[in-house]
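Written out below as C-alpha cells is the structure these notes cover.
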Amino acid sequence: MWVRTIKVTFANELMKKSVRSYFSDNVDASEGIFVSYSVDLAENVVLVTHIFPDQESLDNFAAKMKPEREQLKSMGAKVEINEGPVASFKVASDITLDTLTKGVSPRQP
2 MWVRTIKVTF
12 ANELMKKSVR
22 SYFSDNVDAS
32 EGIFVSYSVD
42 LAENVVLVTH
52 IFPDQESLDN
62 FAAKMKPERE
72 QLKSMGAKVE
82 INEGPVASFK
92 VASDITLDTL
102 TKGVSPRQP
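Residue 2 is where the sequence shown starts when you use the working numbering, and the numbers rise one by one after that.
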C-alpha cells in the first residue's frame with residue numbers, strides 16, 4: 002500500500018469550503034483509492050490522506066489530479082505533498098466498514 006498526504010493552506014476559510022465542495026462533487030474516490038479522509042488542522046488548513054493499493058495507482062491518480070493542484074496553487078493556496086509506502090497499518094478488531102464510513106463508534110464509554 003502507498004499513502005499520499007496533501008496539506009493545503011488556503012487564503013481563507015471560504016476558499017477552503019469552496020474547494021472542499023468542488024472536490025466532493027467532482028472527485029471519485031473509487032479511482033484507485035482504498036481509503037480517503039481529511040482533517041481540518043485550522044480554519045484555513047486541511048490535511049487530506051489517500052491510501053492506494055500500490056504506487057502505480059497513486060501515480061495515476063496524481064497525474065489525473067495535477068491540473069486541479071496547479072489551479073489551487075494559482076489561486077494562492079500552499080500545497081504540500083508527501084507520499085511513500087505504508088510501513089504499518091492497524092485497525093481495531095471491533096471496527097467495521099460501517100463504522101469507518103458513518104463515523105459510528107462501536108465502543109461504549
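All C-beta atoms in this analysis are idealised placements derived from N, C-alpha and C, irrespective of residue type, glycine included.
Excluding the 5 residues preceding and the 5 following residue i in the sequence, name in chain order all residues of the same chain whose CB lies nearer than 6 Å to its CB.
i	result
VAL46	THR10
LYS79	THR10
GLU81	LYS8
Please determine, among the options, the residue with the shortest C-alpha to C-alpha distance to residue i.
i	options	result
MET66	ALA12, ILE34, SER19 and GLU14	ILE34
ALA64	LEU15, ALA43, GLU32 and SER94	GLU32
LYS8	ALA93, ARG21 and THR50	THR50
VAL40	LEU15, PHE53 and ARG21	ARG21
ALA43	SER89, LYS17, PRO54 and GLU57	LYS17
SER19	MET76, THR6 and ASP55	MET76
VAL92	ASP26, ASN27, ASN61 and VAL36	VAL36
PHE62	LEU15, GLU14, VAL28 and ASN13	VAL28
Does at least one heavy atom of the ligand ZN sit under 7 Å from the Cβ of residue i?
i	result
THR10	With respect to small molecules bound, the structure shown includes none, and the ligand ZN cannot be examined in it.
Take the Cβ of residue i as the centre, count every other Cβ of all protein chains shown within 10 Å, and call the residue buried at 16 or more, exposed below.
i	result
LEU59	buried
PHE53	buried
With residue i as the anchor, note down where its beta strand (DSSP E) starts and where it stops.
i	result
SER37	36–43
PHE53	46–53
Where does the unbroken alpha helix (DSSP H) through residue i begin, and where does it stop?
i	result
LYS103	98–103
Looking only at its own chain, which residues have a Cβ that is under 8 Å from the Cβ of residue i, when we skip the five neighbours before and after it?
i	result
GLN56	TRP3 and PRO86
Do the segment 90–100 and the segment 66–77 touch if we need at least three Cβ pairs shorter than 8 Å?
-> no
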